[in-house]
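Student: Please read through the structure below; I'll follow up with questions.
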Amino acid sequence: MDNGGSLSLYPLHRCKTIHLVRHAQGIHNVEGDKNYKAYMSPEYFDAHITELGWEQVDNLRKHVHSTGLIKKVDVVITSPLLRTVQTAVGVFGGEEYTDGMDSLPLMVANAGSSGHAAISSLYSPPIIAVEQCREHLGVHPCDKRRSVSEYKSLFPGVDFSLIESDDDSLWEADVRETKEAVATRGMEFLNWLFTRKENEIAIVTHSGFLFHTLAKLGNDCHPLVKKEISSHFANCELRSMVIVDRSKVGSDSSSTNYPGKIPPGLDLPSDVADGKNPDKDTPNTLKQ
1 MDNGGSLSLY PLHRCKTIHL VRHAQGIHNV EGDKNYKAYM SPEYFDAHIT ELGWEQVDNL
61 RKHVHSTGLI KKVDVVITSP LLRTVQTAVG VFGGEEYTDG MDSLPLMVAN AGSSGHAAIS
121 SLYSPPIIAV EQCREHLGVH PCDKRRSVSE YKSLFPGVDF SLIESDDDSL WEADVRETKE
181 AVATRGMEFL NWLFTRKENE IAIVTHSGFL FHTLAKLGND CHPLVKKEIS SHFANCELRS
241 MVIVDRSKVG SDSSSTNYPG KIPPGLDLPS DVADGKNPDK DTPNTLKQ
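Shown next, in the form of structure tokens:
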């Protein structure tokens, strides 16, 4: 039975494993669920995660450790907003930070009025903040970021060096980014991942960014697979996916392929020989 139509095969070095995570529950999620107008309130500027959100972080942290995922992730890419960085360091960071440790804390105590203890960077994968995976831009104050200088004081062990502007130059008070623009930005972000050397990447981001980006993908799949890819994420949900570079964006050579023929010798496969001698009788073409 030919199942080739439902299968795809790609070189491993043109694939990356990504672990997509939506941030934990934020104060804007709670108030916005009660009244949509809360999303317009300056009170929820760069919203932090709630006490329940920290419980969600702790449970996802237990999961990534019990499954061994924490040992596989090469780097964590996070949106720079407070709720995503809190989620990233809480899930993928080290244990509680204590004074005198050799490494910087990923998060200082009570960062963003969290009431949470400081978090160590010991045994943590690198965590890098990237603007491209931010939430739907504009209008909603909860999606406006603080200055990079302030973030650095709250999260000393997180790398903010890829963010060019100290202040938020992307968010506009009266212009909401279109869904199409979010999706385009998301696809550019996924392509950017192929410029990096890491093969297994965790990404901590937002519901709107994930939904609009992933809606562009999986359209050639069975509807159930498409749903797995693009349905809305719950708070602190993690989905593991494989993305494939079918262009030449990520053209690093394979680290596991082996060229063979070492030492070299005669090597004419029989199927190639058949192709070179099309008129030669083979068992299937012998005359009766």
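Residue numbers for the sequence shown follow the UniProt record's numbering, so the first one is 1 and each next one is one higher. For each residue, glycine too, the CB sits at the ideal point set by N, CA and C.
(1) Determine the burial state of leucine 60: buried for a count of at least 16 other Cβ atoms within 10 Å of its Cβ, exposed for fewer.
(2) Quick check on the DSSP output: what are the complete alpha helix (DSSP H) runs of length 4 or more inside the stretch 131-216, in order along the chain?
(3) Tell me where the beta strand (DSSP E) around valine 244 begins and ends.
(4) Residue range of the beta strand (DSSP E) that alanine 129 falls in?
(5) What does isoleucine 119 pair with, by DSSP beta-bridge criteria?
(6) Grouping DSSP H, G and I as helix and E and B as strand, with all else coil, what is threonine 67?
(7) Have a look at lysine 71 and serine 255 and give me their C-alpha separation to the nearest angstrom.
(8) Mark valine 204 as exposed unless 16 or more other C-beta atoms lie within 10 angstroms of its C-beta, in which case mark it buried.
(9) From which residue to which residue does the alpha helix (DSSP H) around histidine 28 run?
(10) Among residues of its own chain, excluding the 5 on either side of serine 124, which ones have a beta-carbon nearer than 7 Å to its beta-carbon?
(11) Rank Glu164, Asn235 and Asn219 by C-alpha distance to the C-alpha of glutamate 228 and give the top, closest one.
(12) Quick check on valine 73: does DSSP put it in helix, strand or coil?
(13) For valine 85 and proline 269, what's the separation of their Cα atoms in angstroms?
Tutor: Quick look at the numbers:
(1) buried
(2) 148-154, 179-193 and 207-214
(3) 238-244
(4) 127-129
(5) Answer is Glu96 and Met107, bridged to isoleucine 119.
(6) coil
(7) 19 Å
(8) buried
(9) 27-34
(10) These residues qualify, in order along the chain: Phe92, Gly93, Gly94 and Leu106.
(11) It is Asn219 whose Cα lies nearest to the Cα of glutamate 228.
(12) coil
(13) 55 Å
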